[in-house]
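Trainee:
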Amino acid sequence: MQINLEGMSIAVLGGDERSLVIIEELLASGAVVNTAGLPADLLPAGVNCLSKPEAGLAGVGGVILPVPGVNEKGQLYCPLIPKPLVLTRELAACFPPGIPIFTGVIRPYLAKIAAITGLRLIELMERNEVAILNSIPTAEGAIQMAMEMLPITIHGSCAIVLGFGRVGATLARLLGVMGARTRVVARRPEHLARITELNLVPVPFAGMSHYLEEADVIFNTIPALVLTGKVLERIPAGTLILDLASAPGGVDFQKAASIGIKAVLAPGIPGKVAPKTAGRILAKVIIDLLQEETFGN
Numbered sequence: 418m419q420i421n422l423e424g425m426s427i428a429v430l431g432g433d434e435r436s437l438v439i440i441e442e443l444l445a446s447g448a449v450v451n452t453a454g455l456p457a458d459l460l461p462a463g464v465n466c467l468s469k470p471e472a473g474l475a476g477v478g479g480v481i482l483p484v485p486g487v488n489e490k491g492q493l494y495c496p497l498i499p500k501p502l503v504l505t506r507e508l509a510a511c512f513p514p515g516i517p518i519f520t521g522v523i524r525p526y527l528a529k530i531a532a533i534t535g536l537r538l539i540e541l542m543e544r545n546e547v548a549i550l551n552s553i554p555t556a557e558g559a560i561q562m563a564m565e566m567l568p569i570t571i572h573g574s575c576a577i578v579l580g581f582g583r584v585g586a587t588l589a590r591l592l593g594v595m596g597a598r599t600r601v602v603a604r605r606p607e608h609l610a611r612i613t614e615l616n617l618v619p620v621p622f623a624g625m626s627h628y629l630e631e632a633d634v635i636f637n638t639i640p641a642l643v644l645t646g647k648v649l650e651r652i653p654a655g656t657l658i659l660d661l662a663s664a665p666g667g668v669d670f671q672k673a674a675s676i677g678i679k680a681v682l683a684p685g686i687p688g689k690v691a692p693k694t695a696g697r698i699l700a701k702v703i704i705d706l707l708q709e710e711t712f713g714n
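Numbering (the numbering used here), first residue to last: 418 to 714.
1. Using 8 Å as the threshold, is the C-beta distance between Leu629 and Ile577 below it?
2. Span of the alpha helix (DSSP H) holding Pro554?
3. Hey, how far is the Cα of Glu543 from the Cα of Arg583?
4. Given a cut-off of 8 Å, decide if Ile704 and Phe519 are closer than it, judged by their beta-carbon atoms.
5. Given a cut-off of 8 Å on the beta-carbon distance, is the pair Phe670 and Ala683 in contact?
6. To the nearest angstrom, how far is it from the Cα of Val480 to the Cα of Ile612?
7. Along the chain, where does the alpha helix (DSSP H) that runs through Leu508 open and close?
8. Give every residue of the same chain whose Cβ lies closer than 6 Å to the Cβ of Glu631, excluding the five residues on either side of it in the sequence, and list them in chain order.
9. Measuring alpha carbon to alpha carbon, tell me which of Pro653, Ser468, Ile427, Phe622 ends up nearest Gly478.
10. Would the segment 504 to 513 and the segment 447 to 464 be scored as touching if the rule is three or more Cβ pairs under 8 Å?
11. DSSP on Ala453, reduced to helix/strand/coil?
12. Do you know how far the Cα of Pro687 is from the Cα of Thr694?
13. Tell me the residue span of the beta strand (DSSP E) that contains Arg604.
14. What residues are listed by DSSP as bridge partners for Val480?
15. Output needed for Val648: all residues of its chain with C-beta closer than 8 Å, excluding positions within five of it in sequence on either side, in chain order.
16. What did DSSP end up calling Pro525 once you bin it into helix, strand or coil?
17. On the premise that Ile523 lies in contact with Arg506, defined as a C-beta separation below 8 Å, what is that separation, rounded to the nearest angstrom?
18. Residue range of the beta strand (DSSP E) that Lys679 falls in?
19. Can you round the beta-carbon distance between Leu416 and Gly593 to whole angstroms, since I take them to be within the 8 Å contact cut?
20. Using the three-state DSSP reduction, which class does Asp458 fall into: helix, strand or coil?
21. Would you kindly work out how many angstroms separate the C-alpha atoms of Pro568 and Leu502, rounded to a whole number?
22. So Leu644 packs on Met566, CB below 8 Å; how close in whole Å?
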């Protein structure tokens, strides 16, 4: 069935290049788009660009916040404009009751505002149809970063992936295809079995530190402090660590720097390396959900 949001008004507040792609897809579906927090010169024709976000909220059928969401100061992620928008309690109260509020991740500030004002939040990055597809540009971008920073090729390198979730699985498979000697650290027995089936080397979490001594590059996808100071002391100087987990990541960055290990926190890779692909992934899910809201399943 062809997607049709003809006449539905949607507000897009803040965001980056992914938001611009989402806006294009919304317009193509027939929606009316009101925006704030994005530069007018980058917006396609037909968008209502507003200086005050509250002016574009009356009667909207949904609100789209940035993928990184809202920080602890209440600021929406708005890298394309000089001054970010702030999601105050007063602004949140202007959202029509019951409508879906889409965001990539729900951080504590936004959760608190939602609890106070009754916002109905939809966390896109927790949905498998988003996260699995989003793992593709994340994995490609992470390997691109590693290729730029390493003095050796990925082929033949010793690469260790910490975690076998949606990003870890895609990344490990891609590294293996590229010829890296790939070891994957996981806790769950079924994940260790799947890693073996992929012809990669499974490493139980408890035995992780014994393998880190061989690493040329380590990719962390676990959103917890796993590379502590004690663990880092077993890693050779010159090893590259790319932390793909959400901030603050899973690495003791201060300790890493003190012992000559280059550790880089690299969240939000899809929006940086493949914003069009990432935007289309998000747009499809958002539009499908909006259509379900309007017309039912």
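We put the beta carbon where it would ideally sit given N, CA and C, even for glycine.
Mentor: In this structure, then:
1. Sequence index remark: in the sequence shown, residue 629 carries index 212 (1-based). Sequence index remark: in the sequence shown, residue 577 carries index 160 (1-based). Closer than 8 Å, so yes.
2. Mapped onto the sequence shown, residue 554 falls at position 137. For Pro554, the enclosing alpha helix (DSSP H) covers residues 545 to 566.
3. As a working note, residue 543 is residue 126 in the sequence shown. As a working note, residue 583 is residue 166 in the sequence shown. Here the alpha carbon of Glu543 sits roughly 11 Å from the alpha carbon of Arg583.
4. The count along the sequence shown starts at 1 and reaches residue 519 at position 102. The count along the sequence shown starts at 1 and reaches residue 704 at position 287. It is not a contact, given that the beta carbons lie outside the stated cut-off.
5. For the purposes of this step, residue 670 is identified with residue 253 of the sequence shown, where counting begins at 1. For the purposes of this step, residue 683 is identified with residue 266 of the sequence shown, where counting begins at 1. Taking 8 Å as the Cβ cut-off, Phe670 and Ala683 do not qualify as a contacting pair.
6. As a working mapping, residue 480 is identified with position 63 in the sequence shown. As a working mapping, residue 612 is identified with position 195 in the sequence shown. Answer to the nearest angstrom: the Cα atoms are 40 Å apart.
7. Within the sequence shown, numbered from 1, the residue matching residue 508 stands at position 91. Segment 506 to 509, the alpha helix (DSSP H) holding Leu508.
8. In the sequence shown, the residue the question calls residue 631 occupies position 214. If the five residues before and after Glu631 are omitted, its C-beta is found closer than 6 Å to the C-beta atoms of Cys575, all from its own chain and listed in chain order.
9. As a first step, residue 478 is located in the sequence shown; it is residue number 61 there, counting from the start. Comparing Cα-Cα distances from Gly478 to each of Pro653, Ser468, Ile427, Phe622, the minimum goes to Ile427.
10. With a cut-off of 8 Å, the segment 447 to 464 and the segment 504 to 513 do not count as touching, because too few Cβ pairs lie within range.
11. Along the sequence shown, one-based indexing puts residue 453 at 36. Note: Ala453 maps to strand in three-state DSSP.
12. Counted from its first residue, the sequence shown places residue 694 at position 277. Counted from its first residue, the sequence shown places residue 687 at position 270. C-alpha separation (whole angstroms): 8 Å.
13. Here residue 604 refers to the residue found at position 187 of the sequence shown. Segment: none, Arg604 is in no beta strand (DSSP E) and carries neither H nor E.
14. Position 63 of the sequence shown holds residue 480. Under DSSP, Val480 forms a beta bridge with Ala428, Ile518.
15. Translated into positions along the sequence shown, residue 648 becomes position 231. If we look at Val648 and ignore the five residues flanking it on each side, its Cβ neighbours are Met625, Ser626, Leu629.
16. Taking the sequence shown and counting its residues from 1, one reaches residue 525 at position 108. DSSP places Pro525 in helix when its eight states are reduced to three.
17. Taking the first residue of the sequence shown as position 1, residue 506 is located at position 89. Taking the first residue of the sequence shown as position 1, residue 523 is located at position 106. With 8 Å as the limit, Arg506 and Ile523 do not qualify as a contact, their Cβ atoms being about 16 Å apart.
18. Within the sequence shown, numbered from 1, the residue matching residue 679 stands at position 262. Judged by DSSP secondary structure, Lys679 falls within the beta strand (DSSP E) whose first and last residues are 679 to 682.
19. Missing from the structure shown is residue 416; the chain here goes from 418 to 714 and no further.
20. Working through the sequence shown from its first residue, we reach residue 458 at position 41. Judged by DSSP in its simplified three-state form, Asp458 adopts helix.
21. Within the sequence shown, numbered from 1, the residue matching residue 568 stands at position 151. Within the sequence shown, numbered from 1, the residue matching residue 502 stands at position 85. If you draw a straight line from the Cα of Pro568 to the Cα of Leu502, it comes to about 41 Å.
22. Taking the first residue of the sequence shown as position 1, residue 644 is located at position 227. Taking the first residue of the sequence shown as position 1, residue 566 is located at position 149. Actually they do not touch by this definition, with Cβ atoms about 17 Å apart.
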